[in-house]
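The structure appears right after this line, and notes come after that.
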Amino acid sequence: MHNRQLRLQSRPKGLIAPDDLQLVQTPLHELKDGQALARVKYLSIDPTMRVWMAGDSYLPAVSIGEVMRAFGFAEIVESRRSDYKKGDRVTGFTGLQDYVVLDASANQPFQKVPKIPFVSDTVFLGLLGINGLTAFFGMEVAQPKKGETLVVSAAAGATGSIVGQIARIRGCRVVGIAGTDDKCAWVTKDLGFDAAINYKHPDWKAKLAAAVPNGIDIDFENVGGDIMNTVFGLMNLHGRVVVCGFISGYTKEDPNMVSLGTVIVKRLRIQGFLILDYASRFMEAATQLGQWKMLGKIKDRETIVESLEKAPEAINMLFTGGNTGKLIVKV
Ligand SMILES: NC(=O)c1ccc[n+]([C@@H]2O[C@H](COP(=O)([O-])OP(=O)(O)OC[C@H]3O[C@@H](n4cnc5c(N)ncnc54)[C@H](OP(=O)(O)O)[C@@H]3O)[C@@H](O)[C@H]2O)c1
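Here you go:
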């Protein structure tokens with residue numbers, strides 16, 4: 005048996021170029037005691053992968069020659085571990101590859117996930133995975149109050165689409181910012197956002213101002229740069245900014261994400277957060293998100309790209325707006 009892997013060959017400049025990730029085929033060795041072999045079925049495609057390719061940040065950079073780090077969903081196909089049996093399903097850092105070895109002696113934070121009737125496996129990467137959890141805990145940081153106005157950027161993406169729906173559940177007026185009219189129509193018509201602005205329209209700044217007649221109390225920031233600075237200009241005094249991500253800067257050498265002058269004038273409170281810090285509470289959040297989904301209060305959507313070889317192109321789609329909802333590679 006062979007394992008196809010995408011290994012980091014060079015650190016990208018801008019979008020990922022065809023040679024930055026190299027597809028290699030390696031033999032799969034017989035398992036030793038204390039090991040289990042899992043077949044990777046789905047890969048979560050996340051903007052932070054581009055950050056891991058660039059250099060050290062909140063996690064060490066992926067080394068040149070190393071299998072590209074990625075979160076994924078896998079199924080155990082063979083086991084010489086007492087805690088895993090064939091057919092068990094797990095999520096964790098599988099990497100961009102066909103198979104991953106779960107070694108009892110390595111510190112690999114894999115989590116078993118249940119088989120739930122009528123629920124797709126991919127939900128454990130999106131709504132009940134990184135993005136739903138990020139939206140849930142990010143909204144805890146935001147501390148929304150009924151009647152407040154929240155603006156979320158990358159609103160039709162995996163995280164932003166859930167953020168807006170949680171904010172609606174909490175009684176906020178919700179305005180999304182997204183890059184196509186179709187995405188704006190999805191978040192308003194299907195997800196219940198009060199308004200959505202296409203930031204690629206020439207007059208989007210005036211439209212955003214008109215959509216927030218009472219100003220903005222909470223900025224849930226996924227993008228940074230011009231979008232963030234425009235939102236800052238419309239914020240109310242003592243507004244709160246939840247910094248989830250700065251995707252507009254991940255492919256740039258000099259991101260220059262924010263001008264801080266407005267922060268003083270508007271007395272803004274800015275707080276960043278990282279989903280990794282909330283690991284002990286994932287089950288609590290997933291239970292709530294699952295309930296909201298069953299009650300029809302939260303809807304999710306996925307963009308699926310077929311085959312491991314397409315993973316580099318899929319990562320680039322995040323930076324060109326090619327996805328709506330959660331972006332997943334089916335291996
Ligand atoms: N803090 C944490 O723990 C944590 C965890 C997960 C994710 N995040 C962050 O959350 C944000 C969203 O991540 P996601 O996984 O949910 O991805 P996503 O929103 O599903 O996909 C990214 C979207 O961002 C938009 N975008 C890309 N470049 C842009 C630009 N230059 N200007 C404006 N919009 C741009 C694109 O949509 P358009 O068509 O609208 O442009 C794209 O579809 C990212 O910043 C990510 O790093 C943070």
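Heads up: take any position in the sequence shown, counting from 1, add 4, and you land on the working numbering.
C-beta atoms are modelled at their ideal positions from N, C-alpha and C, and glycine is treated no differently.
Alpha-carbon spacing of residue i relative to residue j, whole angstroms
{"i": "LEU41", "j": "TYR103", "result": "7 Å"}
{"i": "ASP60", "j": "THR52", "result": "12 Å"}
{"i": "MET298", "j": "GLU257", "result": "43 Å"}
{"i": "ARG177", "j": "THR255", "result": "32 Å"}
{"i": "VAL94", "j": "PHE75", "result": "11 Å"}
{"i": "THR291", "j": "PHE140", "result": "11 Å"}
{"i": "LEU331", "j": "LEU19", "result": "17 Å"}
{"i": "LYS116", "j": "GLY91", "result": "11 Å"}
{"i": "GLU144", "j": "GLY180", "result": "19 Å"}
{"i": "ALA199", "j": "ASN233", "result": "19 Å"}
{"i": "PRO259", "j": "ASP107", "result": "39 Å"}
{"i": "ASP125", "j": "TRP296", "result": "18 Å"}
{"i": "GLU70", "j": "ILE134", "result": "23 Å"}
{"i": "HIS205", "j": "ALA289", "result": "36 Å"}
{"i": "TRP56", "j": "PRO16", "result": "11 Å"}
{"i": "LEU129", "j": "TYR46", "result": "8 Å"}
{"i": "ASP221", "j": "PHE236", "result": "10 Å"}
{"i": "LEU195", "j": "VAL123", "result": "19 Å"}
{"i": "ALA315", "j": "VAL333", "result": "6 Å"}
{"i": "ARG285", "j": "VAL127", "result": "18 Å"}
{"i": "GLY175", "j": "LYS150", "result": "4 Å"}
{"i": "ASP207", "j": "THR324", "result": "21 Å"}
{"i": "PHE114", "j": "GLY96", "result": "5 Å"}
{"i": "GLY329", "j": "ASP50", "result": "12 Å"}
As assigned by DSSP and simplified to three states, the class of residue i
{"i": "ASN352", "result": "The question about residue 352 has no answer, for the chain in this structure spans 5 to 335."}
{"i": "MET232", "result": "helix"}
{"i": "PHE77", "result": "strand"}
{"i": "PHE97", "result": "strand"}
{"i": "LEU12", "result": "strand"}
{"i": "PRO259", "result": "coil"}
{"i": "ASN226", "result": "coil"}
{"i": "TYR46", "result": "strand"}
{"i": "MET72", "result": "coil"}
{"i": "MET239", "result": "strand"}
{"i": "ILE319", "result": "helix"}
{"i": "LEU312", "result": "helix"}
{"i": "LYS334", "result": "strand"}
{"i": "GLU346", "result": "Here the chain has residues from 5 to 335 only, and residue 346 is not among them."}
{"i": "VAL66", "result": "coil"}
{"i": "GLU144", "result": "helix"}
{"i": "ALA158", "result": "coil"}
{"i": "ARG3", "result": "In the structure as shown, the chain starts at 5 and stops at 335, and residue 3 therefore has no counterpart that could be examined."}
{"i": "GLY164", "result": "helix"}
{"i": "ALA213", "result": "helix"}
{"i": "THR30", "result": "strand"}
Buried versus exposed call for residue i [16 or more other C-beta atoms within 10 Å across all chains shown]
{"i": "ASN218", "result": "exposed"}
{"i": "MET5", "result": "exposed"}
{"i": "ALA21", "result": "exposed"}
{"i": "GLU152", "result": "buried"}
{"i": "ASP185", "result": "exposed"}
{"i": "ALA146", "result": "buried"}
{"i": "ALA214", "result": "exposed"}
{"i": "ALA110", "result": "exposed"}
{"i": "GLN29", "result": "exposed"}
{"i": "TYR203", "result": "buried"}
{"i": "MET72", "result": "buried"}
{"i": "VAL269", "result": "exposed"}
{"i": "PRO121", "result": "exposed"}
{"i": "ARG54", "result": "buried"}
Heavy atom of ligand 1 within 8 Å of residue i beta-carbon
{"i": "PRO16", "result": "no"}
{"i": "SER157", "result": "yes"}
{"i": "THR184", "result": "yes"}
{"i": "ILE181", "result": "yes"}
{"i": "LEU322", "result": "yes"}
{"i": "LYS168", "result": "Before going on, a small fix: residue 168 reads as Gly here, not Lys. Answer for GLY168: no, Cβ out of range of ligand 1."}
{"i": "ALA160", "result": "yes"}
{"i": "GLY59", "result": "no"}
{"i": "GLY96", "result": "no"}
{"i": "SER284", "result": "no"}
{"i": "TYR203", "result": "yes"}
{"i": "ASP304", "result": "no"}
{"i": "ASN111", "result": "no"}
Integer Cβ distance of residue i from residue j, believed to fall under 8 Å
{"i": "ARG43", "j": "ALA78", "result": "6 Å"}
{"i": "GLY276", "j": "VAL247", "result": "4 Å"}
{"i": "VAL262", "j": "GLY228", "result": "6 Å"}
{"i": "GLY243", "j": "LEU280", "result": "Not a contact, Cβ separation roughly 26 Å."}
{"i": "ALA159", "j": "GLY168", "result": "6 Å"}
{"i": "PHE250", "j": "VAL156", "result": "Going by Cβ atoms, the distance from PHE250 to VAL156 rounds to 14 Å, so no, they are not a contact pair."}
Check: residue i C-beta below 8 Å from any heavy atom of ligand 3
{"i": "ASN327", "result": "Looking at this structure, you won't find ligand 3 anywhere; what it does contain is ligand 1."}
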